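Quick note: the sequence shown, position 223, residue 223 per UniProt numbering, numbers continuous.
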Amino acid sequence: MTTSFERYQKRRLISSYFSVVISISLVLFLLGMLGLLVLNTKKVADHFKEQIALTVYLKDNAKEVEIEQLKKSLAMADYTKSTTFVSKEEAAEAHSEEIGEDFMEFLGYNPLQNSIDVYMNADFVSSEQVDKIADDLTSKNFVDEVVYDKPLIALLNDNVKKISFWVLIASSVFTFIAVLLINSSIRLAVYSKRFIIKTMQMVGATKGFIRRPFIWQSVKLGLIGAILALIGMAAVLYYLNNSFTELNLLGDIKMLFILFSGIFLMGIVITWISTYFATSRFLNLKTDELYY
1 MTTSFERYQK RRLISSYFSV VISISLVLFL LGMLGLLVLN TKKVADHFKE QIALTVYLKD
61 NAKEVEIEQL KKSLAMADYT KSTTFVSKEE AAEAHSEEIG EDFMEFLGYN PLQNSIDVYM
121 NADFVSSEQV DKIADDLTSK NFVDEVVYDK PLIALLNDNV KKISFWVLIA SSVFTFIAVL
181 LINSSIRLAV YSKRFIIKTM QMVGATKGFI RRPFIWQSVK LGLIGAILAL IGMAAVLYYL
241 NNSFTELNLL GDIKMLFILF SGIFLMGIVI TWISTYFATS RFLNLKTDEL YY
């Protein structure tokens, strides 16, 4: 009979520990993924900004020397990420493929112009800075006009600000919820042993002596939960990096190390603090209050 009871108690204990580890690992995993989102919000926004092209159309009488000088000056400019020269012949060919017929056959000439597509660094993609760059290029006498999608730039910048704000709010709220969930799991685990705590106290054990095994056990569970969460984060990060290579999610190793270290330490610190206060609560209760 005693053996069956002991096996039952052991199964309950393992089940309790398993529940705590799963709770900690899931919460830390979700918190870590949110951290990855926060770290990469700017990177994703920058990627989309750098896809916006500023097109410089050149006059037909522009000299070859002037075009080459402009291409070199644009390539050396701080705001330039890359440039692409599109001749009027290439533009005509692309346009013909797009509409499905050779428009020059019935026009008799090529109305298109030589152009340079300028893809800018993300830090310079704002309405004010792009306007200034466009005005500077337009002032050159061999440049016909400079075209870019101004409404798209304004909309993109506004949305980036809104998304960054709400991601930070969500991060703060979720961190608070994560602490509460882990704290609740630890408190339930300690609650199941409240009579053991009181019995140890009644036979003369000090509070520090009673707390120590509970804290050490919870810290071990926190370590296991944190390791499982980090494995899950690493797997998801590896998959996303292979699926979206242009974002280079593994590029900033230092920030990723800080994030992974933070999640690992959070698993230890939260479980330690939660167990400390949970055991203190039951240590300060009277015997009669343990039944409520």
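Here a beta-carbon is modelled for each residue, glycine too, at the ideal position from N, C-alpha and C.
Since we're looking at a predicted model, the values are computed, not measured.
Just grab the DSSP bridge partners of D53 for me.
Taking the first residue of the sequence shown as 1, we reach residue 53 at position 53. Sequence check: residue 53 is Ala here, not Asp. Answer by DSSP bridge pairing, in chain order: Y119.
For the alpha helix (DSSP H) containing F195, name the first residue and the last one.
For the purposes of this step, residue 195 is taken as the residue at position 195 of the sequence shown. Its alpha helix (DSSP H) spans residues R194 to M202.
When the Cα of E219 is compared with those of I227, T271 and I231, which residue comes out closest?
Residue numbering aside, residue 219 sits at position 219 when the sequence shown is read from its first letter. In the sequence on display, residue 219 carries Val and not Glu. For V219, the nearest C-alpha among the options comes from T271.
Using a 10 Å radius around the Cβ and a threshold of 16 neighbouring Cβ atoms, would you call G222 buried or exposed?
The residue labelled residue 222 in the question sits at position 222 within the sequence shown. Answer is buried; the Cβ neighbour count reaches 16.
Mind reading off the beta-carbon distance from A75 to T83? Whole number of angstroms is fine, and I expect it under 8 Å.
Looking up residue 75 in the sequence shown gives position 75. Looking up residue 83 in the sequence shown gives position 83. At roughly 6 Å, the Cβ-Cβ gap stays under 8 Å, so A75 and T83 are in contact.
Assign V65 to one of two classes, buried (16 or more other C-beta atoms within 10 Å of its C-beta) or exposed (fewer than that).
Here residue 65 is taken as the residue at index 65 of the sequence shown, counted from 1. By the neighbour-count rule (16 or more Cβ atoms within 10 Å), V65 is not buried but exposed.
V21 to I224, Cα distance in whole Å?
Locating residue 21 in the sequence shown gives position 21, where the first residue counts as 1. Locating residue 224 in the sequence shown gives position 224, where the first residue counts as 1. Each residue's alpha carbon lies about 7 Å from the other.
What do you get for N40, buried or exposed, if any count of 16 or more other CB atoms within 10 angstroms of its CB means buried?
To locate residue 40, count along the sequence shown from 1; it is residue 40. Classification of N40: buried, given that the 10 Å Cβ count is 16 or more.
Measure how close the beta-carbons of I52 and L152 come, nearest whole angstrom, since I'm counting them as under 8 Å.
Position 52 of the sequence shown, counted from the start, is the residue given in the question as residue 52. Position 152 of the sequence shown, counted from the start, is the residue given in the question as residue 152. At roughly 7 Å, the Cβ-Cβ gap stays under 8 Å, so I52 and L152 are in contact.
According to DSSP, is F257 helix, strand or coil?
Reading the sequence shown from its first residue, position 257 is the one you call residue 257. Residue state, collapsed to three classes: helix.
For F29 versus A235, is the C-beta distance shorter than 8 Å?
Here residue 29 refers to the residue found at position 29 of the sequence shown. Here residue 235 refers to the residue found at position 235 of the sequence shown. No, Cβ-Cβ distance for F29 and A235 is not below 8 Å.
So for E145, helix, strand or coil by DSSP?
Taking the sequence shown and counting its residues from 1, the one referred to as residue 145 is at position 145. If DSSP states are grouped into helix, strand and coil, E145 belongs with the strands.
Can you tell me which of N157, M266 and Q69 puts its alpha carbon nearest to the alpha carbon of V179?
Within the sequence shown, the letter at position 179 stands for residue 179. Out of N157, M266 and Q69, M266 has the C-alpha closest to the C-alpha of V179.
How is S82 classed by DSSP in three states: helix, strand or coil?
Numbered from its first residue, the sequence shown carries residue 82 at position 82. Of the three classes helix, strand and coil, the one that applies to S82 here is strand, per DSSP.
Range covered by the alpha helix (DSSP H) that runs through Q129:
Position 129 of the sequence shown, counting from 1, holds the residue named residue 129. First-last of the alpha helix (DSSP H) with Q129: S127 to T138.
Contact defined as beta carbons within less than 8 Å: I believe L112 pairs with A92. What is the distance between those atoms, to the nearest angstrom?
Here residue 112 refers to the residue found at position 112 of the sequence shown. Here residue 92 refers to the residue found at position 92 of the sequence shown. Right, the Cβ-Cβ distance comes to about 5 Å (below 8 Å), so this counts as a contact.
Output the distance between the C-alpha atoms of E97 and Y57, rounded to the nearest integer angstrom.
Taking the sequence shown and counting its residues from 1, one reaches residue 97 at position 97. Taking the sequence shown and counting its residues from 1, one reaches residue 57 at position 57. Rounded to the nearest angstrom, the two C-alpha atoms are 21 Å apart.
Who are L58's beta bridge partners in DSSP?
As a working note, residue 58 is residue 58 in the sequence shown. Partner(s): V143.
Outcome for T279 when other beta-carbon atoms lying within 10 angstroms are tallied against a minimum of 16
In the sequence shown, counting from the first residue as 1, residue 279 sits at position 279. With 16 or more Cβ atoms within 10 Å of its Cβ, T279 is classed as buried.
Does the distance from the CB of V38 to the CB of V173 come in under 8 Å?
Position 38 of the sequence shown holds residue 38. Position 173 of the sequence shown holds residue 173. Cβ distance not < 8 Å, so V38 and V173 don't count as in contact.
Exposed or buried, G35, counting other C-beta atoms within 10 Å across all chains shown (16 or more means buried)?
Against the sequence shown, residue 35 aligns to sequence position 35. Buried: at least 16 other Cβ atoms inside 10 Å.
Can you round the beta-carbon distance between S274 and I210 to whole angstroms, since I take them to be within the 8 Å contact cut?
If you number the sequence shown from 1, residue 274 lands on position 274. If you number the sequence shown from 1, residue 210 lands on position 210. At roughly 16 Å, the Cβ-Cβ gap does not stay under 8 Å, so S274 and I210 are not in contact.
In whole angstroms, what separates the C-alpha of L256 from that of M200?
In the sequence shown, residue 256 corresponds to position 256, counting from 1. In the sequence shown, residue 200 corresponds to position 200, counting from 1. Roughly 44 Å between the two C-alpha positions.
Coarse secondary structure for A170, derived from DSSP in three states
Numbered from its first residue, the sequence shown carries residue 170 at position 170. Three-state DSSP puts A170 in a helix.
Measure the C-alpha to C-alpha separation of D252 and I196 and round it to an integer number of angstroms.
For the purposes of this step, residue 252 is taken as the residue at position 252 of the sequence shown. For the purposes of this step, residue 196 is taken as the residue at position 196 of the sequence shown. Each residue's Cα considered, the two are about 49 Å apart.
Nearest-angstrom Cα separation, counted from A226 out to T80:
Locating residue 80 in the sequence shown gives position 80, counting from the first residue. Locating residue 226 in the sequence shown gives position 226, counting from the first residue. Answer to the nearest angstrom: the Cα atoms are 43 Å apart.
Which first and last residues belong to the alpha helix (DSSP H) in which A229 is found?
In the sequence shown, the residue the question calls residue 229 occupies position 229. Per DSSP, A229 belongs to the alpha helix (DSSP H) from K207 to S243.
Burial state of I116, where buried means 16 or more other Cβ atoms lie within 10 Å
Taking the first residue of the sequence shown as position 1, residue 116 is located at position 116. So I116 counts as buried.
Can you tell me the Cβ-Cβ gap for residue 304 and V143, rounded? I've got them flagged as a contact below 8 Å.
Residue 304 lies beyond the stretch modelled for the chain, which goes from 1 to 292, so this question has no answer here.
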